[in-house]
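This report concerns only the one structure given below.
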Amino acid sequence: MTEGLVERLHDLHDTMVSLADGPSPDAKTIKRLRDELGEDIASLVLTSAALLSKTQAKLGTGVWWATEKSLQQATPWQVAKLKATWFGDRPMMDLCSGIGGDAIELARRGDVIAIDQDEVTAAMAGANLSRMNSPSLATARCDDVTTVDIPAGHGVHIDPDRRPSGHRTSDPDQYSPSWSDVTAILGKTDSSIVKLAPAATVDTSTCPPAHRSWISLAGTVREQTMICGDAIRMADLPVMGRSAFRVRNDASWSSFVSLTAQDERSKKATRISEYLVDPDAAIRAAGLTIEFANRFAMATLGKPSGFLTADETAARAIAESDLAVVGRVIWSGAADDRKLRRELRSRNVYPETIKVRGSDHDPTVLAKRYRPTGETPVTLWIGRNSERVFAALTQPLETVDSIATRIL
1 MTEGLVERLH
11 DLHDTMVSLA
21 DGPSPDAKTI
31 KRLRDELGED
41 IASLVLTSAA
51 LLSKTQAKLG
61 TGVWWATEKS
71 LQQATPWQVA
81 KLKATWFGDR
91 PMMDLCSGIG
101 GDAIELARRG
111 DVIAIDQDEV
121 TAAMAGANLS
131 RMNSPSLATA
141 RCDDVTTVDI
151 PAGHGVHIDP
161 DRRPSGHRTS
171 DPDQYSPSWS
181 DVTAILGKTD
191 SSIVKLAPAA
201 TVDTSTCPPA
211 HRSWISLAGT
221 VREQTMICGD
231 AIRMADLPVM
241 GRSAFRVRND
251 ASWSSFVSLT
261 AQDERSKKAT
271 RISEYLVDPD
281 AAIRAAGLTI
291 EFANRFAMAT
301 LGKPSGFLTA
311 DETAARAIAE
321 SDLAVVGRVI
331 WSGAADDRKL
341 RRELRSRNVY
351 PETIKVRGSD
361 HDPTVLAKRY
371 RPTGETPVTL
381 WIGRNSERVF
391 AALTQPLETV
401 DSIATRIL
C-alpha cells in the first residue's frame, strides 16, 4: 500500500510545486483538487505546498512532502548530515523515520531503508527519497519498527516519537517505541544512534556501551544523541563519555568532548575580568560548563548556569574554538536602569544583543527601552554574581579597540 501511495505522490510532484510557486489557492482550486484527488490526498498536496519554503529551510534544497507535525519532528539537514558521517558507508535502517530528515542525509553516503509506523508518513519519506537522484538504494515502507529484522552489517538510526499522546515528553519510557523496545533494537546491531530529547535521562545499563552527545544548531539544542557501537569509533569519541557539538547553518561544526568522568569544581570569580563568555547551548545542556571553563582557564560568575569570565589569552582561544560567544568588556557595573541608560548615551551605543542569566530582566523590553541611546551596537550582559546583579557592555574582539575601555 505504501508503494502505491509513494507513486501517487510522485505523480503529484508538479501539482504541488505549481501550488507552492503560485498565489494561495482560492476556494475553487481547493474544491477542484478535493474532487479530483479525494479529501486526504488533496489536503496533503495543499499542506505540502504551503509548507515548502519551511521544509526546504529544514531539509535543504529540494521539493519535499510534509505536514505540520512531521516537519516539526524532522531533523534539520545540517544535524542529520553530521550524524550520517558517523556511520561511514554501511547500509542503514532509519527507524521511526518521519518524512526522512535523517534518511535523506544517510542516503547521500550509502543505502538506507526508512521505516515508519504511519502509512502516510512513510509514503512521504519514500516520495522524498525518490526525488534525490542518489546512486544509493533509498526506500521507505510502513512497518512496526519493533518487529523488523535488522540485516547483518546494517546500522540503525532510531528517532522514537516523543509526542505519542500529543504532548511532548522527555521521559524515554513514554516514547513510542518505549525505551525497553529501543534497547532491544540496539542489541540487534553493532552500530546505532538514538535521537533523544535534550533533557532526557536514560538508563544505559541495558544498552550497548554508549556515548551521549548534545547537538545545537543556530544557538538552540536540537537533540541529545546516544551513539552506540562502531558509530562511536567513527565519530572519534570516547565510550561512556559526553560531548557537545555546535553545528552552523552551513553544516560545519565545532565540538567539545569531555575528558573527565568526574564532576569538577570551577574557579569562582569575585569580579568581571577583561572578557565575558557565554558557552554554546549544547555545552550547557551536556553539563559541561565547568569542564569547559576549567579547560580554557576561565572562572564562573555565580553558579555554573551563569556567565563565565576570562583574560585575553583565554578569550582568544575560546573565540578560535567557536564554541561560545565572547565579548570584551568596555564597561561593567550594577544593573541599575538610570546608570545603565546614562552609560549607553555617554558612549553613543545601544544594545543590539541582550543576554540575561540569573535575573528576571526581559531582553525584549530592554531592547526597546535602550534602542534610542546611541548609534553603535554593543552587547548588554545582565547576570548574577553571588547576591549582586551586574550589567556589562561588550564588543566583539575585532572591533573593541575603537572604544575606550572602562571597567568600574
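Residues in the sequence shown are numbered consecutively from 1, following the UniProt record's numbering. Built from N, CA and C at the ideal position, the CB exists for glycine as well. Fair warning: this is a prediction, and the values are worked out from it, not measured in the lab.
Alpha-carbon spacing of residue i relative to residue j, whole angstroms
| i | j | result |
| --- | --- | --- |
| Ser213 | Thr169 | 19 Å |
| Asp401 | Arg371 | Low per-residue confidence applies at Asp401: pLDDT is 45, beneath 50, and the placement is therefore not dependable, though the value from the model is reported in the following sentence. About 23 Å. |
| Met234 | Arg328 | 38 Å |
| Val247 | Val202 | 24 Å |
| Thr220 | Ser386 | 27 Å |
| Ile407 | Gly333 | Any reading at Ile407 must be qualified, since the residue scores a pLDDT of 37, below 50, and its modelled position is unreliable; the value itself is stated next. Answer to the nearest angstrom: the Cα atoms are 8 Å apart. |
| Val148 | Gln72 | 26 Å |
| Asp161 | Ala335 | 44 Å |
| Pro177 | Thr146 | 7 Å |
| Ser18 | Leu52 | 11 Å |
| Lys31 | Ala282 | 47 Å |
| Thr399 | Val325 | In this prediction, Thr399 has a pLDDT of 46, which is less than 50 and means its spatial position is unreliable; what the coordinates show is noted afterwards. Distance between the alpha carbons of Thr399 and Val325: 15 Å. |
| His157 | Ile354 | 38 Å |
| Thr405 | Leu393 | The pLDDT assigned to Thr405 is 41, lower than 50, so where the model puts this residue is not dependable, and the model offers no usable value. |
| Ser97 | Val389 | 46 Å |
| Val6 | Asp173 | 32 Å |
| Gly101 | Leu186 | 21 Å |
| Gln56 | Ser70 | 13 Å |
| Ser191 | Asp311 | 42 Å |
| Glu352 | Trp77 | 29 Å |
| Ile403 | Ser346 | A caution first: Ile403 carries a pLDDT of 42, below 50, which makes its placement in the model too unreliable to give a value. |
| Asp40 | Val120 | 10 Å |
| Ser243 | Pro363 | 30 Å |
8 Å Cβ cutoff met for residue i and residue j
| i | j | result |
| --- | --- | --- |
| Ile215 | Arg222 | yes |
| Phe307 | Leu82 | no |
| Ala107 | Met132 | yes |
| Arg90 | Gly110 | yes |
| Asn348 | Thr313 | no |
| Thr85 | Thr67 | no |
| Lys339 | Ala299 | no |
| Thr225 | Cys207 | no |
| Leu344 | Thr379 | no |
| Trp64 | Asn128 | yes |
| Ala20 | Ala42 | no |
| Thr2 | Ala114 | no |
| Leu323 | Pro279 | yes |
| Arg384 | Gly287 | no |
Run of the beta strand (DSSP E) containing residue i, from where it starts to where it stops
| i | result |
| --- | --- |
| Ile150 | Ile150 -> no beta strand (DSSP E), and no H or E assigned at all. |
| Met298 | Premise fails: Met298 is in no beta strand (DSSP E) and is neither H nor E. |
| Ser255 | 253-257 |
| Met226 | 220-229 |
| Tyr370 | Premise fails: Tyr370 lies in the alpha helix (DSSP H), 363-370, not in any beta strand (DSSP E). |
| Met132 | Looking at the DSSP string, Met132 is not in any beta strand (DSSP E), and its letter there is neither H nor E. |
| Ser243 | 242-247 |
| Ser332 | 324-334 |
| Glu274 | Note, Glu274: premise wrong, no beta strand (DSSP E); not H, not E. |
| Ser216 | 210-217 |
| Leu380 | 376-385 |
| His157 | 155-158 |
Residue interval of the alpha helix (DSSP H) (run including residue i)
| i | result |
| --- | --- |
| Arg316 | 312-321 |
| residue 435 | An answer regarding residue 435 cannot be provided, because it is not within the stretch 1 to 408 covered by the chain. |
| Val112 | No alpha helix (DSSP H) holds Val112; the beta strand (DSSP E) holding it covers 112-116. |
| Met16 | 13-21 |
| Ala184 | 179-186 |
| Ile283 | 281-285 |
| Lys195 | Lys195 -> not in any alpha helix (DSSP H); beta strand (DSSP E) instead, spanning 191-196. |
| Leu397 | Segment: none, Leu397 is in no alpha helix (DSSP H) and carries neither H nor E. |
| residue 426 | What the structure shows of the chain is the stretch from 1 to 408, and residue 426 is not part of that stretch, so it cannot be assessed. |
CB-CB length for residue i against residue j, believed under 8 Å
| i | j | result |
| --- | --- | --- |
| His361 | Ile382 | 5 Å |
| Thr189 | Gly241 | So it is not a contact: roughly 21 Å between Cβ atoms. |
| Asn294 | Glu264 | 6 Å |
| Ile99 | Ala80 | Between Ala80 and Ile99 the Cβ distance is about 12 Å, and since that is not below 8 Å, they are no contact. |
Residue i CB to nearest heavy atom of the ligand GTP below 7 Å
| i | result |
| --- | --- |
| Trp77 | In the structure shown, the ligand GTP is absent, as is every other ligand, since no ligand is present at all. |
Identify every run of the beta strand (DSSP E) within the stretch 61-112, keeping only runs that are complete inside it and at least 3 residues long; order them along the chain. Listed in chain order, the complete beta strand (DSSP E) runs (minimum 3 residues) inside the stretch 61-112 are 92-95.
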